[in-house]
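One structure below.
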Amino acid sequence: MSHHVFRRAGVLAATVAATGLLGAGIASAHVSANVYGDQPSKGGYGTIFFRVPNEDATQGTVKLEVDVKPEYGIGSVRTKPIPGWTAEVSSTPLANPVTTASGTKITDAVTKIVWTAQAGTKIGKNEFQEFEISGGPLPADVDQLEFPAIQTYDGGKVVSWNQPTPASGEEPEHPAPTVKLAAAKGGHGHPAATTEAEATDAPSSDTTARWLGGAGILVGALGLGVGAGSLLRRRPAAAKKTEGSE
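Taken in order, the sequence shown gives residues -29 to -1, 1 to 217; the numbers are from mature numbering (1 follows the signal peptide of the UniProt record, and there is no 0).
What follows is the structure, given as structure tokens:
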């Protein structure tokens, strides 16, 4: 196989990788709710990551407010500490208590989570931050959770991410972060018995998998570069050998 084939393969691989990275950048250019690992199930507990990219060239993000609909009846939410940020979880008494699928009555539901940057901390230009929560029990009667969010910049700029995505699937200009819920895992129609501890521990293994996956891609790219360089070096050597034999 000639070095031309390898060169073309390298260019194609680089193009595909660049396209993938560009697509990921475009898709994540707004506040989004993400799940790493198993999807949270109806009636159980789950871990969600709110990814906040900074979209302003001159201002930095210093605050994120996430609203949780009271009708979800989520009674408990914990936040993961982030250096330089404070987190506050607010609950509201429910006029009509919500009874979960497991029979637990929720009288106070989480309705807002606010992360505020401390002095000297912000999400700067071309940066993003992920804010992690773990909570539940999640509602058993909806297919997805919607979390309207507000992003505040240090220059006073405020952007609301609160538009629902229509049934057509066409993304609005400022979509609200959403998370789909998996079907309940328990038998006989009962919800999954996912505990809060399981929901909190799950992302750690997935984080390791993401790091290993990234390392594998890097090693593969380095291997491709070394192989291409070796082929290019062999060409002059082969040419000299041919000239000598003549």
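In this text, a Cβ means the ideal position worked out from N, Cα and C, and glycines have one as well. Values in this document were obtained by computation on a predicted structure and should not be read as measured data.
Start-to-end residues for the beta strand (DSSP E) that takes in residue i
i: F21; result: 17 to 24
i: G107; result: 99 to 107
i: Q115; result: 115 to 117
i: E36; result: 32 to 38
i: S3; result: 3 to 5
i: K151; result: 149 to 151
Beta-carbon spacing of residue i, residue j below 8 angstroms
i: K128; j: Q30; result: yes
i: A90; j: A155; result: no
i: G37; j: I45; result: Residue identity differs from the one stated: residue 37 is Val in this sequence, not Gly. No, they are not a contact pair.
i: A88; j: W132; result: no
i: T32; j: Q134; result: no
i: V23; j: E59; result: no
i: I77; j: L65; result: yes
i: K51; j: E103; result: yes
Inter-residue CB distance, residue i and residue j (contact presumed, cutoff 8 angstroms)
i: E101; j: F20; result: 5 angstroms
i: G95; j: N5; result: The Cβ separation is near 21 angstroms, so there is no contact.
i: P148; j: G14; result: About 21 angstroms; that fails the 8 angstroms criterion.
i: T63; j: D79; result: 7 angstroms
Strand pairing of residue i, partner residues [DSSP]
i: D79; result: P64
i: E142; result: Looking at the DSSP assignment, E142 forms no beta bridge with any residue, so it has no partner.
i: T50; result: I104
i: S121; result: Per the sequence shown, the amino acid found at residue 121 is Ile instead of Ser. DSSP output for I121 lists E36, S131 as bridge partner(s).
i: T92; result: According to DSSP, T92 bridges with nothing at all.
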